[in-house]
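Read left to right, the sequence shown gives residues 13 to 317 (my numbering).
What follows is one structure encoded as structure tokens, with my remarks underneath.
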Amino acid sequence: MTSKWTAADVPDQSGRLAVVTGANTGIGYETAAVLAGKGARVVIAVRDLDKGRKAVDAIARLHPGADVTVQELDLSSLASIRSAADSLRAAFPRIDLLINNAGVMYPPKQVTADGFELQFGTNHLGHFALTGLLLDSLLDVPGSRVVTVASVAHRKMADIHFDDLQWERSYNRVAAYGQSKLANLMFTYELQRRLAAKGAPTITVAAHPGISNTELTRHIPGSSLPGFSRLAGLVTNSPAVGALATLRAAADPEVQGGQYYGPSGFQEMIGHPVLVSSNAKSHDVDVQRRLWTVSEELTGVKYDL
């Protein structure tokens with residue numbers, strides 16, 4: 013293996029099925045493209061079917077013969093999540109990789125179709141529900157993994173605000189994003205503990221891309237100014253490099269359940285993926301369990317673990 017882990021280190025994925033949320037652009041697209049190029053059958057699960065089809069066409073041009081399809085999925089709607097899960101279960105009796113990649117960052121105050129704050133509802137609750145509904149398709153599959161994309165933002169202004177999870181009293185978009193990403197990590201660790209207790213072959217892993225120049229940054233103040241993208245490109249990972257942490261979490265045979273991968277550079281902002289650690293708050297077992305219970309109540313999705 014090279015000293016810097018790259019897409020070339022992804023082993024052959026022939027015979028494996030990967031579902032990647034939000035894979036029409038950015039890190040999700042790069043993740044799907046590499047997996048497809050390595051022989052996996054890839055399902056791009058996206059809200060916008062037209063954008064999803066364009067991504068499929070782009071991957072087909074990059075990797076002729078790649079097996080890539082689109083599944084409609086709006087993570088801000090529990091009805092859409094249930095419909096997508098039903099379709100995926102019907103089409104694919106086994107899933108090897110579920111990559112919870114889609115997300116929103118720093119939007120103005122908005123709520124989902126079910127009344128959840130958009131970032132918490134999409135980034136955490138949406139993926140919590142989707143994973144729970146698809147888990148039976150992974151549990152009996154040797155080497156199966158759930159990979160959830162977190163963020164360095166879990167360290168900044170982040171807490172689980174059980175007294176106001178939906179930010180109804182006040183709204184701070186940075187803190188709300190941090191809450192959703194902290195929840196992603198807590199979900200990963202609690203799910204891993206439950207999978208291990210069951211003796212399941214499935215593991216769950218977290219990853220983060222550092223600071224990557226993708227469409228996710230469109231709500232950052234100043235992002236619409238001339239030259240922003242060019243400047244950002246100088247101090248951020250490209251989407252292809254940002255996707256490497258997700259790919260390593262998904263495909264490196266040395267990865268273990270409950271681990272967390274991110275860039276190796278300064279403050280984990282840029283660089284190639286290595287094993288990293290999350291903050292102490294993310295490892296609070298009592299809060300993890302409380303969040304799990306609340307998430308089941310809010311989504312109506314119960315895990316049989």
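Beta carbons: idealized from backbone N, C-alpha and C, even for Gly.
As the structure is a computational prediction, the values presented were derived from the model and not from experiment.
The secondary-structure analysis by DSSP pairs ASN112 across a beta bridge with THR160. Under DSSP, PRO285 forms a beta bridge with PRO275.
Look at the beta carbons and you see the region 150 to 164 touching the region 99 to 108: at least three pairs across the two are nearer than 8 Å. Within the region 72 to 129, the complete beta strand (DSSP E) segments at least 3 residues long are 80 to 84, 109 to 112, listed from N- to C-terminus. A direct Cα-to-Cα measurement between VAL186 and VAL68 gives close to 32 Å.
Residue range 297 to 311 is occupied by the alpha helix (DSSP H) that includes VAL299. The Cβ atoms of THR43 and ALA255 lie closer than 8 Å to each other.
Cβ-Cβ distances below 6 Å link ALA48 to VAL54, ILE71, HIS75, ALA78, VAL80 in the same chain, with the five nearest sequence neighbours on each side left out; the list follows chain order. Taking C-beta separations shorter than 8 Å and ignoring five residues to either side along the sequence, the partners of LEU146 in its chain run VAL31, ALA97, LEU100, ARG101, ILE107, LEU110, following chain order.
In the structure shown, VAL54 adopts extended strand secondary structure according to DSSP, grouped into three states.
Distance from the CA atom of VAL159 to the CA atom of PRO119, rounded to whole angstroms, is 24 Å.
Under the DSSP assignment, THR33 falls in the beta strand (DSSP E) whose first and last residues are 29 to 33. About 6 Å separates the CB atoms of ALA114 and LEU87; that is less than 8 Å, so the two are in contact.
Here the C-alpha atom of ALA261 lies approximately 15 Å from the C-alpha atom of ALA52.
Between TRP17 and VAL217, the alpha-carbon positions lie close to 17 Å from each other. The residue from GLY283, SER250, TRP304, VAL306 with its alpha-carbon nearest to that of GLY38 is SER250.
Around the beta carbon of ASN184, fewer than 16 other beta carbons sit within 10 angstroms, so the residue counts as exposed.
Ranked by Cα distance from GLN83, the options SER92, ASP62, ILE56, LEU90 are led by ILE56. Between the region 134 to 141 and the region 257 to 275 there are fewer than three inter-stretch CB-CB distances shorter than 8 Å, so the stretches are not counted as touching. Looking at the backbone, the Cα of ALA252 and that of SER307 are separated by about 32 Å. In this structure, the beta-carbon distance from SER294 to LEU203 does not fall below 8 Å.
Within the model, the alpha-carbon separation for SER163 versus MET117 is close to 11 Å. For LEU303 and PHE199, the gap between their C-alpha atoms comes out near 8 Å. Closest option to SER92, judged by alpha-carbon separation, among LYS121, TYR41, THR33: THR33. Residue burial is scored here from C-beta neighbours: PRO23 has fewer than 16 other C-beta atoms within 10 angstroms and is therefore classed as exposed. Following the DSSP letters along the chain, one finds ILE39 inside the alpha helix (DSSP H) bounded by residues 38 to 49.
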